[in-house]
Each structure stands twice: as structure tokens, then as C-alpha cells.
Amino acid sequence: MNLYHALRSGFCADLDTIAISTSGEAGEALHYSWRDLERGSAMLANLLASLDLPPASRIAVQVEKSVEALMLYLATLRAGHVFLPLNTAYQSSEVAYFLGNAEPAVVVCSPRQFGWVSKLAFQAGTRHVFTLGDDRSGSLLVRAVHFADVHEPVERAADDLAAILYTSGTTGRSKGAMLSHGNLLSNAQTLHRYWGFDAPPPGGDVLIHALPIFHVHGLFVAIHAALLSGSRMRWFARFDALAVLQAMRESTVFMGVPTLYVRLLNEAGLDREASARMRLFVAGSAPLLADTFEAWHQRTGHTIVERYGMSETVMLTSNPYRLDPRWGGQSERRAGTVGMPLPGVSVRVADAQDQVLAVGEVGGIQVRGPNVFAGYWRMPDKTAEEFTSDGFFRTGDVGLQDERGYVRIVGRSKDLIISGGYNVYPAEVEDAINALPGVAESAVIGVPHPDFGEVGVALVIARPGSKPDPVGVLQSLKGSLANFKVPKRCLLVDELPRNAMGKVQKNLLRQQHQALFASS
Ligand code: MCA
Ligand code: AMP
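Each residue of the sequence shown is one higher than the last, beginning at 0 in numbering that gives the first Met the number 0.
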């Protein structure tokens with residue numbers, strides 16, 4: 000099996016119908032047919048094949064969102080290699096780490112970044128660097144047009160790697176979560192059925208795609224569901240609330256992180272009429288506030304389906320879309336819960352000794368199933384640490400399961416901030432701040448934010464005799480960290496509260512600063 004085979008079997012039978020329409024933000028709207036996806040990805044797969052790479056070579060890609068970037072993902076699957084998408088916000092020191100760790104055989108970057116990315120790539124031993132712009136520019140397509148537009152996907156086993164997604168670590172550097180063809184296919188098929196893509200309304204589903212395509216949510220959850228069901232996608236390079244609102248009039252499905260729902264709710268035109276054609280709204284990647292859930296229902300008459308996932312596990316739970324026979328035919332979507340384990344996925348709540356807890360008791364959320372990743376790239380010890388002896392993965396999320404099976408996430412055992420759906424590990428930001436001149440020590444905490452849900456705040460202790468400028472601290476971080484990791488506020492403090500063990504009490508700091516953005 001090759002995941003591409005399965006995705007391809009879902010393509011619309013009439014290959015000349017539209018698969019993806021892009022929005023015309025900077026220019027004309029473009030329409031790509033199913034045949035375009037098939038042919039474009041074949042040409043790119045043939046180009047990759049011509050490079051004579053060993054099987055399962057990593058293809059690292061840091062490019063702006065474009066349909067051609069999606070074709071490159073499909074081409075990587077077809078050619079039997081491993082797709083390694085990188086957030087476009089990553090700065091050179093972050094990219095250097097990923098390339099050094101993953102040792103990709105091919106790196107594709109945007110034409111504007113070619114200078115520094117190619118330098119890092121060659122230092123990491125990469126032999127092939129191509130460019131791909133969001134306007135179909137760049138050397139990748141120039142080369143690909145010389146190749147045949149038919150390609151037979153390479154045979155892969157279910158546990159062969161399809162993708163590596165880097166996810167930050169609470170300590171140390173990012174870890175590459177290795178996802179196999181089988182992981183991605185099982186989750187895609189499950190979501191396809193569970194969310195009703197198998198029986199689209201007359202005329203088929205139309206999915207509004209306004210997420211980035213370098214993370215699980217935009218790349219796998221949304222795109223796989225659409226491809227497997229032959230559904231058309233309305234494609235936005237970046238999220239624009241007004242444009243998405245307009246697109247709802249001709250669409251049926253929307254998937255977004257909570258910030259997107261908050262921003263849509265700020266649009267006066269969001270109402271029942273504007274969303275009358277829609278059948279499904281899915282939210283995830285970060286907690287959806289009950290207020291947002293309620294407000295959405297009041298304004299549109301639709302109830303958001305909140306689901307829960309991770310880079311390591313793709314999706315593990317979802318609120319029901321329709322009656323779920325496993326749970327006595329429930330169909331209720333409950334605010335503040337992430338729903339029930341998806342079919343075929345086992346989720347349990349356990350204590351620190353991995354003993355399963357009773358209904359309603361709070362503990363670590365653990366998961367096992369065909370969706371769970373194969374481990375962290377070249378980190379066997381770290382992988383072993385995260386699995387129980389009976390094969391459950393410890394998510395690092397803390398929660399409970401009620402008597403009806405609904406999972407509620409109440410916290411995290413990992414020190415993590417989720418800001419607008421992006422994960423920020425305070426330890427990484429603290430390291431960067433502590434390296435700045437004049438800084439003795441720092442603590443980074445997450446506080447509530449009306450738009451991003453949660454944002455980072457840095458509390459900094461100066462070295463004796465120094466007085467670092469808080470704005471300057473944040474400015475300096477922008478050179479070394481992706482922008483979304485840079486705290487939104489920096490405060491100089493004289494000391495940090497510590498417990499008897501000397502550990503900074505971040506819960507106290509969070510309480511102290513929780514209203515910092517309350518009125519913004
Ligand atoms: C942008 N900025 C941010 C964020 N995004 N800061 C904190 N958190 C963020 N998420 C920075 C910008 O660089 C800018 O900084 C300033 O904040 C204001 O940016 P703004 O124009 O408001 O941002 P935007 O371009 O509109 O982007 C916001 C966004 C975007 C649309 C919410 O962050 C986004 O697309 N988020 C979705 C992420 C996602 O797909 N996550 C799924 C991960 P400055 O002013 O300094 O320039 S997959 C996952 O989590 C699991 C598996 C799952 O369950 O799905
Ligand atoms: P990532 O590292 O991008 O894979 O992020 C995974 C993390 O996002 C999970 O471990 C959760 O902490 C969080 N997450 C995903 N979906 C939800 C949700 N619906 N509610 C709360 N947290 C979520």
C-alpha cells in the first residue's frame with residue numbers, strides 16, 4: 000500500500016472537475032482540477048525518482064502555502080520518500096537544527112530564502128536544494144516540467160514512514176514524530192467516515208481551507224478528508240475572516256483553530272443566513288472556550304465539533320458528528336470536551352504509575368491505536384520513555400473521561416503554551432532570553448489572550464548592574480526564534496517565586512499575570 004493510492008482512489012471520478020480553487024488575494028483566482036493534482040504530483044515524483052535517492056529519504060520543505068506545495072507532498076508519498084514540512088516562521092538557527100537532525104536528501108525553500116537555506120542545507124550534507132514560490136515560480140517546477148506526467152506510486156508497507164513532523168520538547172531540542180503511511184491512512188479513513196464525508200450532500204462537500212499546510216491540522220486532517228472524499232477545497236493562503244465568511248455561502252465544511260472562530264465571531268456578517276449551506280464546523284489544536292462554542296451556536300445555529308489531536312497521534316478523539324452507536328447512539332457535542340475516542344482508537348486516563356483511573360478521576364491521557372506514531376526520529380530512548388509497557392503513548396495532557404466516554408482536557412503535565420494553535424515550549428524561549436546580554440534569568444508563562452487564546456509573557460531578572468530594555472529583549476528574540484514563539488510582553492522583575500526545591504512556581508506567576516491582556 001501507498002497512502003497516495005488510497006487518497007487517489009477518493010479523487011472525483013471526473014478528473015476534469017475542480018479539486019481546488021485558490022482565493023485571488025494577490026492576483027487571479029486559480030482552479031486546479033483533479034487531473035492537475037494527479038499529473039503535477041506525477042511530474043514531481045518523477046523528478047524525485049530521477050535523483051536516485053535511497054528509499055525513505057527525507058524531503059524537507061519550507062515554503063509558502065500553494066497547491067504546488069501540496070503536489071510536492073503527494074509526490075513525496077508517490078516516490079516512497081518522507082515528507083518533512085517546516086513552519087515558514089522558523090528562523091535560521093531553528094532550520095539549521097532540523098536539517099542537521101533529519102539529514103534530508105532534498106530541501107525545497109522559497110526563492111526569497113534560497114541564500115541562507117541552501118547554505119544550511121549544504122552544511123547538513125543535502126545535495127539537492129530547489130526553490131518553490133507561492134506564485135508557481137522557482138527551480139522545482141522549472142525542472143519538473145521536463146518529466147512525464149504519469150507515475151506509478153512506489154509500493155510501501157503500512158509501517159513505512161510517510162512524514163516526520165517536528166514537535167518541540169519540554170527539555171532539549173525538537174523531536175521528529177515519525178508518522179507512517181498506515182498511521183495517516185487509518186486516521187484519514189476514520190475521520191472521513193466519522194465526520195460524514197462518506198455521504199456528502201448533493202453536489203459534494205466544499206471545504207474551506209485557511210490553515211497552514213506544515214502542521215497536522217491543515218496538512219493531514221483537512222486535506223486527507225477532502226481528497227479521500229473527492230471534495231472540492233476553497234484554498235486561502237492565509238486566514239482572512241471576511242473572505243472566509245464570504246466563502247461559507249458556497250461551502251459546506253470549515254476546519255480551524257479556536258482563534259479563527261474568535262476572529263469570525265468578530266465579523267458582523269456572521270449569522271444563520273451566511274452559514275446556511277455549511278454542514279460541519281470542526282475546531283481543534285487548542286482549547287475551544289465554552290463562550291466561543293455557545294456564541295457560535297447562537298449566531299449561526301451550528302454546533303462546533305471539537306476534536307483533539309497531536310503530531311504524534313494525528314486525531315484521537317472527536318465530539319460526534321452524528322449518532323455514535325458505540326456510545327448508545329449519542330450525538331451531543333459538548334462544550335469544554337474534546338469528545339470521545341475515535342473508532343479504533345483506545346484512550347485512557349492513568350496515574351503516574353500507569354494505573355487506569357476510575358471515571359471522572361483526573362490523570363494523564365494515554366492513547367493506543369493504528370494512528371499512534373512509530374517513535375521519535377533517532378531518539379529511541381525518548382520514544383521508550385513516552386510509551387507504557389502495554390503500548391500506550393503518554394500524551395502529556397491531563398484530563399478525565401466521564402461516564403459517557405467524553406474526554407475533558409483540564410491541563411498539561413508538559414510546560415507548553417498553545418498560542419493561536421501553535422505550540423510554544425517555554426524552555427526554548429527561556430534559553431534564548433537567558434543568552435541575551437544583561438539577563439540573569441527568565442521565566443516564560445502562558446496567560447489568557449482574547450485572540451490567540453493564550454500567549455507567552457517573559458519575566459526577566461537582570462544581571463547585577465544591567466537593565467535590559469524589555470522591548471529590546473523581544474526584538475532580539477525575533478532574530479533567533481519563529482515570531483509566534485516570541486512572548487507578547489516582557490516584564491523586568493526582581494525575583495521569581497520558587498518552591499522548596501528551588502523550582503520556579505509558574506502557577507503563581509500565571510495567577511499574578513492572568514489579567515494582563517484581559518481588556519485588549
Ligand atoms: C502569528 N503571530 C502569532 C501567532 N500567529 N503569535 C502568537 N501565536 C500565533 N499563533 C504573530 C505574528 O507573527 C505577528 O507578530 C503578530 O503575532 C500578529 O499576527 P497576526 O497578523 O494577527 O497573525 P496572523 O498572520 O493572522 O496569524 C494568526 C493565525 C495563525 C491565523 C491564527 O497563527 C494560524 O494560522 N494559526 C494556526 C496554526 C495551526 O495550524 N496549528 C495547528 C497545529 P509581529 O507583530 O511581531 O509581526 S497541528 C496541532 O496543533 C495538533 C496536531 C492538532 O490537534 O491539530
Ligand atoms: P502538537 O504538538 O502541535 O501536536 O500539539 C498537540 C497538543 O495540542 C496536544 O497535546 C494538546 O495539548 C493540544 N490540543 C490539540 N487539540 C486540542 C483541543 N481540542 N483542546 C485542547 N488542547 C488541544
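For each residue, glycine too, the CB sits at the ideal point set by N, CA and C. Keep in mind the model is a prediction, meaning the values are calculated, not measured.
*Does any C-beta atom of chain D lie closer than 7 Å to the C-beta of residue 484?*
Absence of chain D from the displayed structure is noted, only one protein chain being present.
*Could you pull out every unbroken beta strand (DSSP E) segment of at least 3 residues lying fully inside the segment 202-235, listed in chain order?*
Runs of the beta strand (DSSP E) inside the segment 202-235: 205-208 and 231-234.
_Three-way DSSP call (helix, strand, coil) for residue 447 in this model_ = Look at residue 447 here: in three-state DSSP terms it is strand.
*Euclidean distance between Cα positions of residue 166 and residue 223*: Taking the straight line joining both Cα atoms gives about 21 Å.
*residue 122, enclosing beta strand (DSSP E) - first and last residue*: No beta strand (DSSP E) holds residue 122; the alpha helix (DSSP H) holding it covers 113-122.
*For residue 187, count neighbouring Cβ atoms within 10 angstroms of its own Cβ and tell me buried if that reaches 16, exposed if not.*
Buried.
_Where residue 506 falls: helix, strand or coil (DSSP)_ = Here residue 506 sits in helix by DSSP.
*asked:* Within a Cβ cutoff of 6 Å, which residues of the same chain sit near residue 57, ignoring the five residues on either side of it in sequence?
replied: 81, 83, 101 and 103.
_Please tell me whether, using a cut-off of 6 Å, the distance from the CB of residue 258 to the nearest non-hydrogen atom of the ligand ADP is below it._
In the structure shown, the ligand ADP is absent; the only ligands present are the ligand MCA and the ligand AMP.
*Could you pull out every residue in the same chain whose Cβ sits closer than 6 Å to the Cβ of residue 487, ignoring the five residues on either side in sequence?*
454.
*Whole angstroms is fine: what's the gap from residue 414's alpha carbon to residue 173's?*
For residue 414 and residue 173, the distance between alpha carbons rounds to 14 Å.
*How about residue 17 and residue 231: are their beta carbons less than 7 Å apart?*
Cβ distance < 7 Å, so residue 17 and residue 231 count as in contact.
_Considering only DSSP beta bridges, list what residue 305 is partnered with._
The partner list for residue 305 (beta bridge, DSSP) reads 282.
_Alpha carbon of residue 263 to alpha carbon of residue 240, nearest angstrom_ = Taking the straight line from one Cα to the other gives about 5 Å.
*Any heavy atom of the ligand MCA within a distance shorter than 6 Å of the CB on residue 448?*
Result no, Cβ not under 6 Å from the ligand MCA.
_Nearest-angstrom beta carbon gap, residue 130 and residue 109 [assumed within contact, 8 Å]_ = Yes, they are in contact, since the Cβ atoms of residue 109 and residue 130 sit about 6 Å apart, within 8 Å.
*asked:* Is it buried or exposed, residue 324, if we count other Cβ atoms within 10 angstroms and call 16 or more buried?
replied: By the neighbour-count rule (16 or more Cβ atoms within 10 Å), residue 324 is not buried but exposed.
_Mapping the DSSP letters down to three states, classify residue 403 as helix, strand or coil._
Three-state result, residue 403: coil.
*Report back the beta-carbon spacing between residue 446 and residue 515 to the nearest angstrom; my notes put them in contact at under 8 Å.*
Contact holds; Cβ gap of about 5 Å.
*Pull up the distance between the alpha-carbon of residue 228 and that of residue 343, whole angstroms please.*
Looking at the backbone, the Cα of residue 228 and that of residue 343 are separated by about 20 Å.
*If you follow the beta strand (DSSP E) that residue 478 is part of, which residue opens it and which one closes it?*
Here residue 478 belongs to no beta strand (DSSP E); instead the alpha helix (DSSP H) covers 469-479.
*May I ask whether a heavy atom of the ligand AMP can be found less than 6 Å away from the beta carbon of residue 177?*
Residue 177: no, Cβ never under 6 Å from the ligand AMP.
*Reduced DSSP secondary structure (H/G/I, E/B, other) of residue 296*: Residue state for residue 296 is assigned as helix, using DSSP reduced to three classes.
*Counting Cβ pairs closer than 8 Å, one from the segment 241-251 and one from the segment 267-285, do we hit at least three?*
The segment 241-251 vs the segment 267-285: in contact.
*Determine the contact status of residue 127 and residue 105, defining contact as a CB-CB distance below 7 Å.*
Their beta carbons are under 7 Å apart, which means residue 127 touches residue 105 by this criterion.
*asked:* For the alpha helix (DSSP H) containing residue 426, name the first residue and the last one.
replied: Looking at the DSSP string, the run of the alpha helix (DSSP H) that includes residue 426 is 425-433.
*Inspect the beta-carbon positions of residue 348 and residue 356 and report whether they are closer than 7 Å.*
Taking C-beta atoms as the reference points, residue 348 and residue 356 count as a pair closer than 7 Å.
*asked:* DSSP has residue 0 in a bridge; who is on the other side?
replied: DSSP output for residue 0 lists no bridge partner at all.
_Entirely enclosed alpha helix (DSSP H) segments - the segment 356-418, minimum 4 residues_ = Taken in chain order, the complete alpha helix (DSSP H) segments of 4 residues or longer contained in the segment 356-418 are 379-385.
_Could you compute how far the alpha carbon of residue 508 sits from the alpha carbon of residue 496?_
About 8 Å.
*In three-state DSSP terms, what is residue 50?*
In this structure, residue 50 counts as coil in the three-state DSSP scheme.
*Taking C-beta to C-beta, are residue 476 and residue 485 nearer than 7 Å?*
One thing to note: residue 476 has its Cβ within 7 Å of the Cβ of residue 485.
*Is there contact here, the segment 69-79 with the segment 39-49, by at least three beta-carbon pairs under 8 Å?*
Two segments are said to touch when three or more pairs of C-beta atoms, one from each, lie closer than 8 Å; by this definition the segment 69-79 touches the segment 39-49.
*asked:* Using a Cβ-Cβ cutoff of less than 6 Å, which residues in the same chain neighbour residue 133 once the five nearest sequence positions on both sides are dropped?
replied: 63 and 65.
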